[in-house]
């Protein structure tokens, strides 16, 4: 009898161990056609492999504004009129339905292409959908961030939570059955911190939360992206810039094609032409896009706080002031520079903060490990070849989420979110 009990206990432990393993999708059966992570990140899924979604005309949606920081009406320059209030977009069903909040990725506004795609996906499935800008977008920094210095994830989440509460109050008559939450890239990290905040504040009691391609170690992810700008690219010299090289390639591509067709298939088709970008050129393109996001963050934060790092504190800025010189200066400051010059000094001044390593632990998924490990309503979908991941990151996710982690073999950074297989999996998670 004792032996039987021991065997049963052993089998039970083996079963529990097996059930806690991450779901690893086999490449042979997955079917995603782009095996290059840079190419997948830029071009995303070929159009014929995407789900069929409604057009904008078929969606009952509107944009609204929130006056979260009324004092900025007077402190921000006049040419910031468009971002003195925070804009969000909501798509409403004509009946009682669950509502899902979407948080955009690094530097992205509520109407980013991925948020637009996710809106259509979930609206078609019967959800009310609220699209929110990233706490690192210039509009959110200006109109909703208390300290206008994003990067302390807990504080970013508190700002985001206030916005979500304001959205709910502004749409109080909307019949909502349950609340859901998701975010992609940095928005996935933000979603995790927002979910933890809601455990105590209980404004939404999220039924399920999905993190899409989130950074695990935020510092590792931004370092990886910053390094892409430093890639050595053949063909770039003192007389030919990277942008000229890409423009020349596109020009030759359209000349050979015989017409200009700027549709969703462009990048995929372009990458299958003779003018396709090399790995180094694609890496530089991804890194450059991120550098512009970092420049926006550094510029906006410096302007609002009058730190004088990019814009002289008393420099007069009117509607006619050219901001180009300041943008050029901001582009010289990568994300590491922004952390060093703006985030860490503020963090230390406000919280007696210590070293960079302490900050990294506080702003990354590490800070939520115990909460995420024991919370069955939170799941992660990630790609094994994602360019933002570093050594040990997937291991952390496996250990923390177990079978609530799905790892796709391909897709780069968010490049497979609009693949039919992924779309079905996202919908299934929220339905389950």
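Numbering (mature numbering (1 follows the signal peptide of the UniProt record, and there is no 0)), first residue to last: -22 to -1, 1 to 410. Just so you know, even glycine gets a beta-carbon here, dropped at the ideal spot from N, CA and C. Quantities reported herein were computed from a predicted structural model and do not represent experimental measurements.
Identity of the residue in the options nearest residue i by Cα
{"i": "residue 255", "options": "133, 14, 36 and 383", "result": "14"}
{"i": "residue -3", "options": "10, 313, 384 and 11", "result": "384"}
{"i": "residue 328", "options": "127, 339 and 95", "result": "127"}
{"i": "residue 299", "options": "55, 16 and 9", "result": "55"}
{"i": "residue 2", "options": "391, 408 and 375", "result": "375"}
{"i": "residue 261", "options": "364, 369 and 51", "result": "364"}
{"i": "residue 348", "options": "377, 332 and 283", "result": "377"}
{"i": "residue 159", "options": "78, 148, 6 and 121", "result": "78"}
{"i": "residue 191", "options": "410, 119 and 386", "result": "386"}
{"i": "residue 345", "options": "274, 132 and 42", "result": "132"}
{"i": "residue 154", "options": "106, 275, 342 and 292", "result": "106"}
{"i": "residue 292", "options": "9, 37, 53 and 47", "result": "53"}
{"i": "residue 343", "options": "270, 370 and 281", "result": "370"}
{"i": "residue 366", "options": "201, 324 and 309", "result": "201"}
{"i": "residue 49", "options": "16, 334, 183 and 62", "result": "62"}
{"i": "residue 405", "options": "25, 101 and 303", "result": "101"}
{"i": "residue 59", "options": "284, 400, 407 and 296", "result": "296"}
{"i": "residue 125", "options": "51, 271, 34 and 283", "result": "283"}
{"i": "residue 171", "options": "340, 251, 75 and 36", "result": "340"}
Extent of the continuous beta strand (DSSP E) run through residue i
{"i": "residue 161", "result": "154 to 162"}
{"i": "residue 40", "result": "39 to 44"}
Distance CB(residue i)-CB(residue j) smaller than 8 angstroms
{"i": "residue 379", "j": "residue 357", "result": "yes"}
{"i": "residue 173", "j": "residue 187", "result": "yes"}
{"i": "residue 39", "j": "residue 67", "result": "yes"}
{"i": "residue 161", "j": "residue 196", "result": "no"}
{"i": "residue 134", "j": "residue 313", "result": "no"}
{"i": "residue 109", "j": "residue 64", "result": "no"}
{"i": "residue 175", "j": "residue 136", "result": "yes"}
{"i": "residue 19", "j": "residue 264", "result": "yes"}
{"i": "residue 398", "j": "residue 32", "result": "no"}
{"i": "residue 163", "j": "residue 392", "result": "yes"}
{"i": "residue 113", "j": "residue 120", "result": "no"}
{"i": "residue 353", "j": "residue 23", "result": "no"}
{"i": "residue 320", "j": "residue 350", "result": "no"}
{"i": "residue 359", "j": "residue 308", "result": "no"}
{"i": "residue 275", "j": "residue 85", "result": "yes"}
{"i": "residue 355", "j": "residue 88", "result": "no"}
Collapsed DSSP secondary structure at residue i in the structure displayed
{"i": "residue 359", "result": "strand"}
{"i": "residue 399", "result": "helix"}
{"i": "residue 316", "result": "helix"}
{"i": "residue 256", "result": "coil"}
{"i": "residue 384", "result": "strand"}
{"i": "residue 187", "result": "strand"}
{"i": "residue 80", "result": "strand"}
{"i": "residue -19", "result": "With a pLDDT of 46 at residue -19, under the threshold of 50, the modelled position of this residue cannot be trusted; read the value that follows with caution. If DSSP states are grouped into helix, strand and coil, residue -19 belongs with the helices."}
{"i": "residue 109", "result": "strand"}
{"i": "residue 74", "result": "coil"}
{"i": "residue 408", "result": "helix"}
{"i": "residue 56", "result": "helix"}
{"i": "residue -9", "result": "Annotation note: pLDDT 38 at residue -9 (below 50); position unreliable, coordinate value reported separately. Residue state, collapsed to three classes: helix."}
{"i": "residue 332", "result": "coil"}
{"i": "residue 239", "result": "Its pLDDT being 47, under 50, residue 239 is placed unreliably in this model, and the coordinates cannot settle the point."}
{"i": "residue 292", "result": "coil"}
{"i": "residue 364", "result": "coil"}
Enclosing alpha helix (DSSP H) for residue i [first to last residue]
{"i": "residue 67", "result": "Unbroken run through residue 67 is the beta strand (DSSP E), 64 to 69; no alpha helix (DSSP H)."}
{"i": "residue 351", "result": "347 to 352"}
{"i": "residue 15", "result": "15 to 21"}
{"i": "residue 121", "result": "116 to 121"}
{"i": "residue 98", "result": "91 to 102"}
{"i": "residue 201", "result": "196 to 206"}
{"i": "residue 377", "result": "371 to 379"}
{"i": "residue 302", "result": "302 to 309"}
Residue i CB to nearest heavy atom of the ligand GDP below 7 angstroms
{"i": "residue 62", "result": "Looking at this structure, you won't find the ligand GDP or any other ligand, since it has none at all."}
Cross-strand partners of residue i (DSSP beta bridge)
{"i": "residue 145", "result": "The partner list for residue 145 (beta bridge, DSSP) is empty, contrary to what the question assumes."}
{"i": "residue 1", "result": "384"}
Within-8 angstroms CB hit, residue i to chain D
{"i": "residue 45", "result": "No chain D is part of this structure, which consists of one protein chain only."}
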